[in-house]
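Student: Just dropping this structure here.
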Amino acid sequence: MKPVMHSHEPAELSQLQRQLLGQDNVVKFYTQQEFDSSMAIAKAEIMTVAIQTTKRALMIERQACAELVYKLAEAEDEGEVATALKNASEAILDRIPSQRQ
Numbered sequence: 171m172k173p174v175m176h177s178h179e180p181a182e183l184s185q186l187q188r189q190l191l192g193q194d195n196v197v198k199f200y201t202q203q204e205f206d207s208s209m210a211i212a213k214a215e216i217m218t219v220a221i222q223t224t225k226r227a228l229m230i231e232r233q234a235c236a237e238l239v240y241k242l243a244e245a246e247d248e249g250e251v252a253t254a255l256k257n258a259s260e261a262i263l264d265r266i267p268s269q270r271q
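Residues 171 to 271 (this note's numbering) make up the sequence shown, in order.
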């Protein structure tokens, strides 16, 4: 037969309970509105980083394409094709004027 635990005997807390309750044995609970507000801020920050990262990736890709086209122009003999390729390279770079240095 199992011993019966009496209500005056303190029950031992599990590791999870101790982590949740913390040192002060108090859990901080948030209202749904507070949670939703924090979640909205976090989502906005994630979207901002995603947009900035995408813009940067596009700029890097355009720069690489422009360099590739320019190298093709350099490989051509001077003439209409070389001039057209150099113009194409400049046109690609002109699409990113704010990032171009």
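Ideal placement from N, C-alpha and C gives every residue a C-beta, glycine not left out.
When the Cα atoms are used, what is the spatial distance from residue 265 to residue 203?
Tutor: Going by the C-alpha atoms only, they are around 43 Å apart.
Student: How would you label residue 262, buried or exposed, when you count the other beta carbons within 10 angstroms and need 16 or more for buried?
Tutor: Label assigned to residue 262: buried.
Student: Taking its Cβ as the centre, do 16 or more other Cβ atoms sit within 10 Å of residue 239, making it buried, or is it exposed?
Tutor: Under this definition residue 239 is a buried residue.
Student: Decide if residue 236 is buried, meaning its Cβ has at least 16 other Cβ atoms within 10 Å, or exposed.
Tutor: Buried: at least 16 other Cβ atoms inside 10 Å.
Student: Let me know the alpha helix (DSSP H) ranges lying completely inside the stretch 186-254, each 4 residues or longer, listed in chain order.
Tutor: Runs of the alpha helix (DSSP H) inside the stretch 186-254: 202-245.
Student: Got a sec? Which residues, its chain only, sit under 8 Å from residue 255 by beta carbon, not counting five neighbours each side?
Tutor: 239, 240, 242, 243 and 246, listed in sequence order.
Student: Residue 259: buried (16+ other C-beta within 10 angstroms of its C-beta) or exposed?
Tutor: When all chains shown are included, residue 259 counts as buried.
Student: By the three-class DSSP mapping on this structure, what secondary structure does residue 181 have?
Tutor: It is coil, neither helix nor strand.
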